[in-house]
Amino acid sequence: MRLTALLLLIGLSASAADPEFPVSAIPAALLKNADVVQRLEEVTIKMNSLRDVRMTQRIVLTILNEKGDQYSGFSSWYDKERTITGFHGALYDASGKQIRKLKQSEVRDASGVSDNNLYDDSRIKSHDFYYKVYPYTIEYEVEFRDRNSAIFSPWVPQGTDNYAVEQSRLSVTVPADYELRFKQFNYNGQPVQVPGKNDKTFVWEVKEIPAKRKESLASPWRTRSVMVYLAPSDFAYGSYTGKMKSWEDFGKFIGVLNAGRDVLPANIKTKVHELTDNVQDPREKIRVLYEYMQQNTRYISVQLGVGGWQTFDAAYVASNRYGDCKALSNYMYSLLKEAGIRSHWALVKAGEGETDFMEDFAVNQFNHMILCVPMQKDTVWLECTSQIKPAGYLGDFTDNRPVLLVTEDGGKLVRTPAYSLDQNLRSGIVKASIDAEGNLSGISSTRFTGPQQDWYHSLINSVSPEKQLQILKEKLNLSSYDIRKFNYTPHPDAKPVPEITEELEITVSSYANVSGKRLFITPNVLNRATIKLSQDGERKSDIWFPIDTRELDTVEITIPDGYTPENIVKPVAIETRFGKYSANVKVEGKKILYIRSCELRAGQYPAKDYPVLEEFLNSIYKTDRNRVILVKKEA
Amino acid sequence: MPPRSLLLLLGIFLPVCLVNAQDKTPVSFGKIKPEDFQKAPYKIDSSASAVVIADVGSTSFESGNDDFMQVYKVYQRIHILNKNGYDAANVSVYLHSNGTDDERMVNLKAVTYNLENGKVVQTKLESKSVFTEKLNKNDIVKKFTLPAVKEGSIIEYSYTINSEFPIYLRPWAFQSTSAPVLWSEYEVTVPEYFEYIFLSQGYHPFFIKDSENDRKTFSFRVPEDGGYGGNSGTRSSTVTVSPGITRHRWVMKDVPALKEENYVTTLSNHVSYIEFQLAAVRFPQAPVRQILGTWQKYTEELLKDEDYGADLSKNNGFLSDQVEALTKDAATPKEKAEKIYNYVRDNYTCTDYSSLYTSQPMKNVFSKRNGNVADINLLLTAMMRKAGLEAVPVVLSTRSHGKTYPIYPIRSKLNYTIVELRLDGKEYFMDATRPFLGFGKLHSSAYNGHARMVDAGATPVSFESDSLREAAVTGIFITPDEKGEMNGHYQRQLTYFESYDLRQRIREKGEEDYFKEVAKGFMTDIDLKNGKIGYLKDYSEQAVVEYDFKLNGTDEGGMLYLHPMFSESLRANPFKSAERTYPVEMPSVRDINYTLSFQVPDNYTIEEVPKSAIVKYNDGEGIFQYIVQQQGNLIQLRSRVRLSRALYAPEEYNSLRDFFDMVVKKQAEQIVLKKKS
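Going down the list, the protein sequences come from chains S and L.
Per this note's numbering, the first sequence starts with residue 240, numbered consecutively.
Per this note's numbering, the second sequence starts with residue 11, numbered consecutively.
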């Protein structure tokens, strides 16, 4: 009896000391569509000084099923400036009983050098409990010390789709006289402010956010869920300090950090003059120097210490002939400067479709650098990490988005050019004939402009002709065919955007299906839509379409003797706010004539329009596969 | 069936000493002339982005402190022809250490040569541009990139690795998968004390293969035997030996790059390559130390190895409660085995599918619930044994790891452990590391030929892809209802590996999503309902997918055109290349069956059906049957594609491709129905 009471007491005291997370305590609404429920998250940031920022992240997650396993561990990068000072974890079963605690010896430590870089100094600590009895709960508490204060991770309580949140809390303490900057998305109200003796604390908290379902073509996450971005006013970065209250400040800091790194060695200076002194047109000077830079450098990235924002100097690039985006942009800047042309480094958030940007909140949103050369009337943009792009052309990696120019007067936001419908065009002509066995042979000629030519441009510039043929064969989704000849002619100087013409000579055995006396021919030979959409339940997210595109196709197929059309599909024409599509097919004498036109318009569209988009794209998918049916006349 | 090309050479060569001028290494470091830049395009491959002019290596034995050490030297000259060849200028050198002995890279020289105004300009690599990345406790990688590289540059680099691991003689690849090699040379000098076997493979002939004998003096400082407890460490004496040495030299010329294609186990089985395995050590006045012994000796050692089987022979009391809980209600030994197997498979996560050795003591694996393939399958073995079952580990090499040599027990050739269980005279092989494998089933990657049981007899076992039959049976039945709507029923028994993939997909995306994709993939527009998957959780069985559908065939001007194979046709030929230089290695022997029974609605007449056909491959080694029968308004179609082999020689490639062309073409044919007016 006494013994039982004692055991009971021990049990009680243990449960009082250990936090418990029984799965039964999760509100039912949070289980819907969820693979994982974040039971609790506490992010605590304390800035002791600009060179001493402490952060603790405590996270408790319940993994509901196998799909949630991807969240069952914790991993984080560190380097010499940002160190991990504590790493704790525990595993709980469904009733909330602790099964195991993490042992320090189980924390893996690995090199964090990214594939993009030849070398950098980051490493990664990680751990996983690898438990497979569902549901289960994991807890991690990881402490960091950062000697820089330029970058704070944003608070994203809800990690992604199929992820519910029970409770999440962000608390940031800064010195009493420090201005903490923040920007909220989908957060109701303002943070609670708690004044301390020598400091002040801001607290944000959310509770019970149900899981979201994955939706295709969804708008950026911050338009869909709660996020708070944090930014410094004053900050330290390596041995430097700076301000980030405005874009002007941020640009000024980048300018200071990189000042004096534009000194070219004498032989390169001579080269610049040799190349440009006899050229009058400043645009031509830019082109000549850009091509010189392309031919004499390559992209190699080495990131050490403050190397994230500070470039290797121009002399380093001159002797090694390589560098990352900053080093190569700076090198180009230095070449232009020697030729008397003013240019600016431009920080950009690069990536296809990554055009979404917070213009009203000065914070590092960048991952790349390009160069901006202002001219009298317009601007020339240079992507300096490419050894192959024509001068002045950016492509969809950096188009149509705000970038931060580093000028003598500090930073300035400007936009890179957007490509219109006709600047992102595919226009193709196919001429072919089909014999009575259904074999097709013919030629095609297709013109690609702007972003549509980017893929082909890198194809012809980055792999051998042999490999190009192989890739091309995989891309053309025809069953049993041969490409007899192929040829790409780039027109880098085409205005306003570069173009590529593709010429193919193909034979496709059994292209048309022969069934007895009938021939089934799909007149759209080379350009069938591949997207088919489907959505269950109510669409929640806005629709995000980043770029305008236009496609024009004409096909002429000569049919074998003795066949007449049995069936021809009626013309299709669809117009929606997302774009226009039409397809017409007719048979004239011995020829099938097919004309297709398709335009998609960029934009952010309301979620309620989704059924329209679905119907539109699915009709295109279906219509592109329509067949003409020919029947052999009885003799 | 061993690969055609596999040449097993014992380390005995006739000494040949005459060296012709054309047999010498054609280039040497630093001797670059302006005309060297003019040689592109190279005849061997006019589309190459980079050409390896010379790749020259050597390994010799030298005097280390108190033991032999190996000195491995590499010299490469590469002509970079265009931007796609720039990767050749990024070099990584992997080095190993075990805490006491290590490998060190010394004498690194790297120079880029450019032709500027008719003159050769050199740019040297600076030592501060060499980076050291720590991969784990025992491995580092030295990385550098050559400076001043542009199109047309010639680069050269050389380095030496001093290795304190005399047992591991570095292998040599004469062929690359990315660039042609004009001259590839490897020289190995071995003292008579070390007896290596040489294993070479590939299709390219040697230009030179010779060896010569010589003698060399080595001296070592060895601690003097100061007696027990004496301060012996400080005194040492020099010992000198002069063994005979043999210098072997291999050269290949003009070796084209080997390109990856469909259906190959791994390209590394096919590149021209030579490797070495220490067989015995014969020091004078000492007994011969046999390193490479018999498989029996090998498995005996493996069973004692702390990093493999040592834990198996312990009591492992920590397993008792779990094993007892799992087996107490089991009626038969087989039921016991299944319960244990399912438990390990469902509760343990495999973090590394390629490891011969265990990563941690079994007790830790048991409590941490994760480990590599050896950790988990040895735990399974131990738990089976705890329950009184006869379980034995089996070692093998997975397909991507390459072939094993049935006659030589070479550790580096093995990377995987499975488990054999003997029950009532029956043998079961199993693997608890893959989440969807059933009791008694193996993953397709394990079907790579020769394997060995880790027991006293080291019994050989064989898992041949040629013996792995993968069959699927599909049936579609379509009948009209009273309104004339065509309703159908679909049923497919998937092959076992298709079932494995399906289970994985269902876990990732769910059944609902799966059936949505199925409906999309059907050649005709359908409304799919009552989708269900039989045996989804019964991992030992082939899964069965079933659903009902309504056919929304669009009537085109009174005609209805239907694809009678629907989603089941082979839509593209898997063999796309015009030719093939190495064998086709399919993972299994497939037998794919399809039947359609189609009752055409009364308001249609059958206008046309495809004709029957039978195509035989290579006198019945493969067959494609396509049989169509029509009785009144009932159409019946049967299609079968069956091959009886998984492996095909390059000479058979064209006929195999033609066979599949035929299948694709025939299976695309249509049925035409006409509406009665």
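Quick reminder that beta carbons are idealized off the backbone N, C-alpha and C, glycines included.
Distance cutoff 8 Å, beta carbons only. Does residue i sit that close to anything in chain L?
i, result
"residue 459 of chain S", "no"
"residue 500 of chain S", "no"
"residue 448 of chain S", "no"
"residue 849 of chain S", "no"
"residue 700 of chain S", "yes"
"residue 755 of chain S", "yes"
"residue 249 of chain S", "Residue confidence is low: residue 249 of chain S scores 41 on pLDDT, short of 50, so the model does not pin down where it sits. No coordinate-derived value is stated."
"residue 868 of chain S", "yes"
Locate the alpha helix (DSSP H) running through residue i, then write down its first and last residues.
i, result
"residue 631 of chain L", "Careful: residue 631 of chain L lies outside any alpha helix (DSSP H) and carries neither H nor E."
"residue 548 of chain L", "Neither: residue 548 of chain L is in no alpha helix (DSSP H) and is coded neither H nor E."
"residue 54 of chain L", "Counting along the chain, residue 54 of chain L falls outside any alpha helix (DSSP H), and DSSP gives it neither H nor E."
"residue 336 of chain L", "330-337"
"residue 385 of chain L", "383-396"
"residue 158 of chain L", "Per DSSP, residue 158 of chain L belongs to no alpha helix (DSSP H) and is neither H nor E."
Alpha carbon to alpha carbon, what distance is there between residue j and residue i?
i, j, result
"residue 506 of chain L", "residue 543 of chain S", "51 Å"
"residue 363 of chain L", "residue 135 of chain L", "38 Å"
"residue 856 of chain S", "residue 52 of chain L", "49 Å"
"residue 563 of chain S", "residue 291 of chain L", "51 Å"
"residue 821 of chain S", "residue 590 of chain S", "31 Å"
"residue 642 of chain L", "residue 352 of chain L", "52 Å"
"residue 148 of chain L", "residue 440 of chain S", "46 Å"
"residue 581 of chain L", "residue 531 of chain L", "12 Å"
"residue 675 of chain L", "residue 425 of chain L", "42 Å"
"residue 620 of chain L", "residue 632 of chain S", "54 Å"
"residue 695 of chain S", "residue 702 of chain S", "11 Å"
"residue 501 of chain L", "residue 406 of chain L", "37 Å"
"residue 672 of chain L", "residue 721 of chain S", "15 Å"
"residue 538 of chain L", "residue 360 of chain S", "54 Å"
"residue 141 of chain L", "residue 102 of chain L", "10 Å"
"residue 674 of chain S", "residue 680 of chain S", "9 Å"
"residue 869 of chain S", "residue 613 of chain L", "23 Å"
Along the chain, where does the beta strand (DSSP E) containing residue i start, and where does it finish?
i, result
"residue 154 of chain L", "149-155"
"residue 611 of chain S", "607-613"
"residue 539 of chain L", "536-544"
"residue 360 of chain L", "359-362"
Using a Cβ cut-off of 8 Å (strictly closer), state whether residue i contacts chain S.
i, result
"residue 59 of chain L", "yes"
"residue 675 of chain L", "yes"
"residue 144 of chain L", "yes"
"residue 620 of chain L", "yes"
Who are the Cβ neighbours of residue i in its own chain at under 6 Å, not counting the five residues just before and after it?
i, result
"residue 388 of chain S", "289, 292, 471, 474, 475"
"residue 239 of chain L", "For residue 239 of chain L, the predicted structure reports a pLDDT of 49, less than 50, and the residue's modelled location is therefore unreliable. A value from the coordinates is still provided. So the list is empty, once near-sequence residues are dropped."
"residue 5 of chain L", "Outside the modelled stretch of chain L, which goes from 11 to 687, sits residue 5 of chain L, for which no answer is possible."
"residue 618 of chain L", "682"
"residue 261 of chain L", "195, 217, 218"
Which residues in the same chain as residue i place their Cβ atom closer than 7 Å to its Cβ, once the five residues preceding and following it in sequence are excluded?
i, result
"residue 678 of chain L", "579"
"residue 677 of chain S", "749, 750, 751, 752, 753, 758"
"residue 610 of chain L", "616, 643, 645, 683"
Name the chain A residues whose beta carbon is nearer than 9 Å to that of residue i?
i, result
"residue 306 of chain S", "As a matter of chain content, chain A is missing from the structure shown, whose protein chains are S and L."
Can you pull out the residues from the stretch 365-386 of chain S whose beta carbon lies closer than 9 Å to at least one beta carbon of chain L? Answer in chain order: 367, 368, 369, 370, 371, 372.
Residues of the stretch 560-572 of chain S with a CB closer than 8 Å to any CB of chain L: list them in chain order, please. Listed by position, the residues of the stretch 560-572 of chain S near chain L (Cβ gap below 8 Å) are 560, 561.
If the cut-off is 7 Å on Cβ atoms, which residues from the stretch 511-538 of chain S count as contacting chain L, listed in chain order? Those would be 534, 535, 537, in chain order.
Please identify, using Cβ separations under 9 Å, the residues of the stretch 624-646 of chain S that lie next to chain L, in order along the chain. Those residues of the stretch 624-646 of chain S placed with their C-beta closer than 9 Å to a C-beta in chain L are 626, 627, ordered along the chain.
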